[in-house]
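Heads up, our numbering is the position in the sequence shown plus 264, with the first residue counted as 1. For reference, the structure discussed in these notes is given below.
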Amino acid sequence: MTAALALLSYPAALVAWMATGITLYAAAIRLIGNTRVAILAAMAWPPVLWNTVVGQNGFITAALLGAAIASIEKRPALAGLCFGLLTYKPQFGLMIPLALIAGGFWRVIGWAAVSTTVMIMLSIGLFGAEIWSDFFDAAAKVNGTILVDGRADFSKLQSLYGFVRALGWNWTLAWTAQGLLIAVLSAGIVWIWRQKVAFDVKAAALATVTILASPYAFIYDFVALAIPLAFLGKSGFSAKESAVVIAAGILLVSGPSDHLATAFLSALLVSGLVVGRAWQAFPTRLASRAGALNVN
């Protein structure tokens with residue numbers, strides 16, 4: 265995509281890039297909620313502004329994640345294609361395989377493997393095999409610059425790892441904290457995807473933990489936090505839930521802070537909504553089991 269955009273002037277390429285991204289983002293939200301209100305709400309989500317200002321890839325990430333999760337049950341090929349394309353952001357791939365395996369969605373996994381392989385072969389055919397060695401070299405340098413040296417400013421990293429580093433702690437403690445968080449999120453996503461709860465709750469959980477698990481996340485990546493809200497919003501929000509959504513939005517409006525990982529905290533609030541919805545499902549399940557036992 266960027267190679268094609270490089271053929272245009274910078275202003276034309278920027279407009280084309282942002283127009284394509286926001287169109288795909290809107291299409292993914294429509295695939296989830298299928299209402300004008302859902303699309304308008306998604307466009308009003310604060311990271312949309314942050315992503316637009318810096319011309320980043322948050323729209324593409326959110327579009328692929330949203331379309332992939334929304335298609336898991338009925339369109340496994342489309343889901344696999346989108347998950348495969350999402351490998352351009354490998355740091356967001358930690359939780360997705362766990363959920364798909366726990367849910368037994370093997371066709372989606374197969375299509376994702378195929379689409380990823382085809383994309384790799386296509387890139388080699390167009391640019392040569394050396395592009396991959398260049399990619400890994402560049403990735404190592406960027407990770408060293410941002411995650412180790414902090415030259416991009418740790419306070420801009422909207423992850424638990426970045427928050428701990430921004431507080432002045434060393435990388436060992438930061439990785440330990442991030443690792444513990446990943447372990448908790450892994451156990452949680454496997455558990456919820458093995459339960460008989462509404463798919464929208466499972467989908468919201470996966471979208472949320474995908475963002476929280478990554479140590480490498482900037483505020484523009486949190487456009488994707490609109491995805492779990494779109495799934496949860498299909499059945500409406502209570503007054504308390506609406507207050508939580510507003511609080512999450514306010515945190516994102518304030519942007520990166522030297523003292524607080526605002527986007528990370530916003531994602532924690534959304535994860536609280538997901539846990540609340542999952543918890544609501546259990547009284548109903550327990551009641552149905554008790555009824556079945558009484559009948560027997």
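Note that the Cβ used here is the ideal one computed from N, Cα and C, for glycine as well.
Helix, strand or coil at residue i according to DSSP, with G and I counted as helix
{"i": "E505", "result": "helix"}
{"i": "G389", "result": "helix"}
{"i": "W433", "result": "coil"}
{"i": "D417", "result": "coil"}
{"i": "N298", "result": "coil"}
{"i": "L271", "result": "coil"}
{"i": "Q422", "result": "coil"}
{"i": "M282", "result": "helix"}
{"i": "M265", "result": "coil"}
Inter-residue CB distance, residue i and residue j (contact presumed, cutoff 8 Å)
{"i": "T474", "j": "I360", "result": "6 Å"}
{"i": "A490", "j": "I293", "result": "7 Å"}
{"i": "L421", "j": "A481", "result": "7 Å"}
{"i": "I563", "j": "L364", "result": "There is no way to answer for residue 563, as the model of the chain reaches only from 265 to 560."}
{"i": "L516", "j": "S530", "result": "5 Å"}
{"i": "L295", "j": "A331", "result": "6 Å"}
{"i": "L269", "j": "A280", "result": "6 Å"}
Local Cβ density within 10 Å of residue i, reported as buried at 16 or more and exposed below that
{"i": "Q544", "result": "exposed"}
{"i": "G336", "result": "Reading off the sequence shown, one finds Ile at residue 336, where the question assumed Gly. Counting Cβ neighbours within 10 Å, I336 comes out buried, since at least 16 surround it."}
{"i": "F528", "result": "buried"}
{"i": "A327", "result": "buried"}
{"i": "P375", "result": "Correcting the residue identity first, residue 375 is Trp in this sequence and not Pro. Buried, because 16 or more other Cβ atoms sit within 10 Å of the Cβ of W375."}
{"i": "N298", "result": "exposed"}
{"i": "V465", "result": "buried"}
{"i": "D485", "result": "buried"}
{"i": "G426", "result": "buried"}
{"i": "A334", "result": "buried"}
{"i": "A488", "result": "buried"}
{"i": "W370", "result": "exposed"}
{"i": "A306", "result": "buried"}
{"i": "A503", "result": "exposed"}
{"i": "L386", "result": "exposed"}
{"i": "A447", "result": "exposed"}
{"i": "Y274", "result": "exposed"}
{"i": "A561", "result": "In the structure as shown, the chain begins at 265 and stops at 560. Residue 561 is therefore absent and cannot be evaluated."}
{"i": "T381", "result": "exposed"}
{"i": "V428", "result": "buried"}
Which parts of the region 453-529 are runs of the alpha helix (DSSP H), unbroken and 4 residues or longer, counting only runs that do not cross its ends? 463-476, 490-497 and 503-518
Counting only runs of 3+ residues fully inside the region 305-380, write out the beta strand (DSSP E) ranges in chain order. none
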